[in-house]
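Asker: Numbering (our numbering), first residue to last: 315 to 520.
I am attaching a structure below and will ask some questions about it afterwards.
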């Protein structure tokens with residue numbers, strides 16, 4: 315049976331072998347501190363009301379250890395800060411993926427807590443509205459459902475639907491192993507042959 319320890323060994327790049335573009339989050343949602351480790355975990359989905367972040371602040375006490383909290387939020391106000399990230403880290407949350415912004419970046423960086431977001435802003439949201447947890451949300455153009463597997467690193471973020479998880483992992487792992495076993499000279503030979511064959515088929519001439 316596959317575990318998150320398996321999924322985290324495969325880069326989002328390799329998951330593109332078995333998944334379409336629609337499963338890859340907008341590239342503007344990125345890691346917020348350098349050399350952030352790759353994370354993988356089941357999605358705990360959160361939608362924040364406009365100008366509000368109560369839902370995320372409540373979610374850190376409800377998500378299970380190992381979960382990645384995936385958030386659809388208002389990008390005009392910070393959804394989380396240093397203390398929220400610290401509590402999430404204490405509770406074993408694997409990280410945040412936020413279609414929005416946070417604040418207290420220095421504190422988050424010092425914690426080494428993985429946060430992927432659109433950026434930072436000093437202004438916090440309010441805590442006045444709560445929305446249901448683990449409903450389908452839109453994060454960076456991708457529909458995310460509770461329990462979908464999220465893998466994120468410096469290359470980007472992929473959302474793997476539960477129904478496709480085993481096949482996506484198999485194809486991604488095969489590509490990972492193939493690349494690892496191939497020398498640069500072998501790769502170049504195969505790559506050049508493929509490129510030249512394609513050019514010939516297109517009728518291209520130098």
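Positions of the beta carbon are idealized from the N, C-alpha and C atoms, including for glycine.
Fair warning: this is a prediction, and the values are worked out from it, not measured in the lab.
Whether or not the segment 362-372 and the segment 491-510 are in contact is what I'm after, with contact meaning three or more pairs of Cβ atoms, one per stretch, closer than 8 Å; do they touch?
Answerer: As far as the Cβ criterion goes, the segment 491-510 does not touch the segment 362-372, which means the pair count is below three.
Asker: Can you find at least 3 beta carbon pairs, one from the segment 405-418 and one from the segment 380-388, that sit closer than 8 Å?
Answerer: Flag = yes, the segment 405-418 and the segment 380-388 touch.
Asker: Using CA coordinates, which residue listed in 430, 411, 515, 487 is at the minimum distance from residue 316?
Answerer: Reading the chain shown from its first residue, position 2 is the one you call residue 316. Nearest C-alpha to residue 316: 487.
Asker: Where residue 339 and residue 431 are concerned, what is the direct C-alpha to C-alpha distance, given to the nearest angstrom?
Answerer: The residue given as residue 339 occupies position 25 in the chain shown. The residue given as residue 431 occupies position 117 in the chain shown. Roughly 11 Å separates the two Cα atoms.
Asker: Take the Cβ of residue 449 as the centre, count every other Cβ of all protein chains shown within 10 Å, and call the residue buried at 16 or more, exposed below.
Answerer: Against the chain shown, residue 449 aligns to sequence position 135. Per the 10 Å Cβ criterion, exposed.
Asker: Note the first and the last residue of the continuous alpha helix (DSSP H) segment covering residue 493.
Answerer: Position 179 of the chain shown, counted from the start, is the residue given in the question as residue 493. It spans 479-495 - the alpha helix (DSSP H) in which residue 493 sits, taken as one unbroken run.
Asker: Could you tell me whether the Cβ atoms of residue 466 and residue 326 are closer together than 9 Å?
Answerer: Locating residue 466 in the chain shown gives position 152, where the first residue counts as 1. Locating residue 326 in the chain shown gives position 12, where the first residue counts as 1. Yes, the pair counts as a contact, with Cβ atoms nearer than the cut-off.
Asker: To which residues of the same chain is residue 473 closer than 6 Å at the C-beta, ignoring the five residues directly before and after it?
Answerer: The count along the chain shown starts at 1 and reaches residue 473 at position 159. Correct list, in chain order: 337, 456, 458, 462, 464.
Asker: May I have the straight-line CA-CA distance separating residue 451 from residue 519, to the nearest angstrom?
Answerer: Reading the chain shown from its first residue, position 137 is the one you call residue 451. Reading the chain shown from its first residue, position 205 is the one you call residue 519. Approximately 49 Å between the Cα atoms of the pair.
Asker: Spatial neighbours of residue 506 within its chain, please: CB distance less than 8 Å, with the 5 preceding and 5 following residues excluded, ordered by chain position.
Answerer: On the chain shown, position 192 is the one that residue 506 refers to. Correct list: empty, nothing qualifies.
Asker: According to DSSP, which residues form a beta bridge with residue 457?
Answerer: What you label residue 457 is simply residue 143 of the chain shown in a count that begins at 1. Its beta-bridge partners are 452.
Asker: Here's a check: name, in chain order, each residue in its chain whose Cβ is nearer than 6 Å to the Cβ of residue 354, leaving out the five neighbours to either side.
Answerer: Mapped onto the chain shown, residue 354 falls at position 40. Taken in chain order, the residues that qualify are 318, 321, 322, 465.
Asker: Just grab the DSSP bridge partners of residue 410 for me.
Answerer: Here residue 410 refers to the residue found at position 96 when the chain shown is read from its first residue. Note: residue 410 sits in a beta bridge opposite 383, 429.
Asker: Would you mind stating whether residue 366 and residue 440 have Cβ atoms separated by less than 9 Å?
Answerer: To locate residue 366, count along the chain shown from 1; it is residue 52. To locate residue 440, count along the chain shown from 1; it is residue 126. Cβ atoms of residue 366 and residue 440: closer than 9 Å.
Asker: Would residue 420 be called buried (16 or more neighbouring beta carbons within 10 Å of its own) or exposed?
Answerer: On the chain shown, position 106 is the one that residue 420 refers to. Result: exposed.
Asker: For the segment 337-368, which segments carrying the alpha helix (DSSP H) assignment without a break, of at least 4 residues, lie completely within its bounds, in sequence order?
Answerer: Qualifying alpha helix (DSSP H) stretches: none in this window.
Asker: Below 8 Å on the Cβ atoms is my guess for residue 422 versus residue 396; work out the distance and round it to an integer in Å.
Answerer: As a first step, residue 422 is located in the chain shown; it is residue number 108 there, counting from the start. As a first step, residue 396 is located in the chain shown; it is residue number 82 there, counting from the start. With a Cβ gap of about 6 Å, residue 422 and residue 396 count as contacting.
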